[in-house]
Amino acid sequence: MTARGDFIEKFGGVFEHSPFIAERAYDCGLVFIPLTAKGLHAALVSVFRKAGREERLGVLRAHPDLAGRLAIAGELTEDSKREQAGAGLDELSAEEHARFTELNTAYTEKFGFPFIIAVKGLGKQDILAAFEKRIHNSVEEEFETAAAQVERIALLRLLSMLPEG
Numbered sequence: 009m010t011a012r013g014d015f016i017e018k019f020g021g022v023f024e025h026s027p028f029i030a031e032r033a034y035d036c037g038l039v040f041i042p043l044t045a046k047g048l049h050a051a052l053v054s055v056f057r058k059a060g061r062e063e064r065l066g067v068l069r070a071h072p073d074l075a076g077r078l079a080i081a082g083e084l085t086e087d088s089k090r091e092q093a094g095a096g097l098d099e100l101s102a103e104e105h106a107r108f109t110e111l112n113t114a115y116t117e118k119f120g121f122p123f124i125i126a127v128k129g130l131g132k133q134d135i136l137a138a139f140e141k142r143i144h145n146s147v148e149e150e151f152e153t154a155a156a157q158v159e160r161i162a163l164l165r166l167l168s169m170l171p172e173g
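My numbering applies: residue 9 is where the sequence shown begins, and numbers increase by one.
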């Protein structure tokens, strides 16, 4: 495999199911050796922010619902599975699961993408509180909030893969 192929294989999933971000960062010469989490994050975020609204919306839509059907079916990416489990979302009571399902449905109907939050360090009550607050945002406010959360998730993933730098 080429250096480009190795890079994309390793970092193409940092932005959920959106390898085009890693591809463009590499192809535009934004990737510098030695790789550090902060340096690579800056490169990937630059590409994400320069992407058109529809592409950015695609990145948001690539994220799974929290405690949603993919989690139940065991079809989350390894990163998402680990992140959701770390927040206790794999151990919801029937009532909590019903509330997440209700909020996921209402949120997606209103905004056109799933609720996204960097769950590291949060518990299920923190996530529910953020969910219940953010569902009242305007579409534009929530698009920007969700995009910022996607960027945070990418940083957390990179920090687990590379030296901080």
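C-beta atoms are modelled at their ideal positions from N, C-alpha and C, and glycine is treated no differently.
Whole-number beta carbon distance between residue j and residue i, since they are thought to touch under 8 angstroms
i, j, result
"residue 164", "residue 137", "In fact, because the Cβ distance is near 20 angstroms, the residues do not count as touching under 8 angstroms."
"residue 95", "residue 130", "5 angstroms"
"residue 56", "residue 19", "About 13 angstroms; that fails the 8 angstroms criterion."
"residue 97", "residue 132", "6 angstroms"
Three-state secondary structure (DSSP) of residue i
i, result
"residue 48", "helix"
"residue 66", "helix"
"residue 153", "helix"
"residue 81", "Confidence at residue 81 is low in this model, with a pLDDT of 49, below 50, so the placement of that residue should be treated as unreliable; the coordinate-derived value is given next. Note: residue 81 maps to helix in three-state DSSP."
"residue 22", "coil"
"residue 172", "coil"
"residue 97", "coil"
"residue 9", "coil"
Residues near residue i by beta carbon distance below 7 angstroms, same chain, minus five either side
i, result
"residue 89", "none"
"residue 160", "126"
"residue 25", "70"
"residue 119", "147 and 150"
Residue i CB to nearest heavy atom of the ligand NAD below 7 angstroms
i, result
"residue 36", "As presented, the structure is devoid of all ligands, the ligand NAD included, so that no description of it is given."
Best match in the options for proximity to residue i [C-alpha to C-alpha]
i, options, result
"residue 87", "146, 71 and 48", "71"
"residue 157", "168, 53 and 120", "53"
"residue 11", "40, 26 and 25", "40"
"residue 49", "9, 162, 149 and 171", "162"
"residue 166", "31, 154, 99 and 51", "51"
"residue 61", "170, 172 and 154", "154"
"residue 173", "47, 17, 15 and 120", "47"
"residue 92", "115, 110, 123 and 63", "123"
Close beta carbons around residue i, own chain, < 6 angstroms, minus the five adjacent residues each side
i, result
"residue 38", "51"
"residue 115", "123 and 143"
Nonlocal neighbours in the same chain, by C-beta distance under 8 angstroms from residue i, ignoring five residues either side
i, result
"residue 13", "none"
Can you list the beta strand (DSSP E) stretches of 3 or more residues lying completely in the stretch 100–151, in chain order? The stretch 100–151 contains no whole beta strand (DSSP E) run of 3 or more residues.
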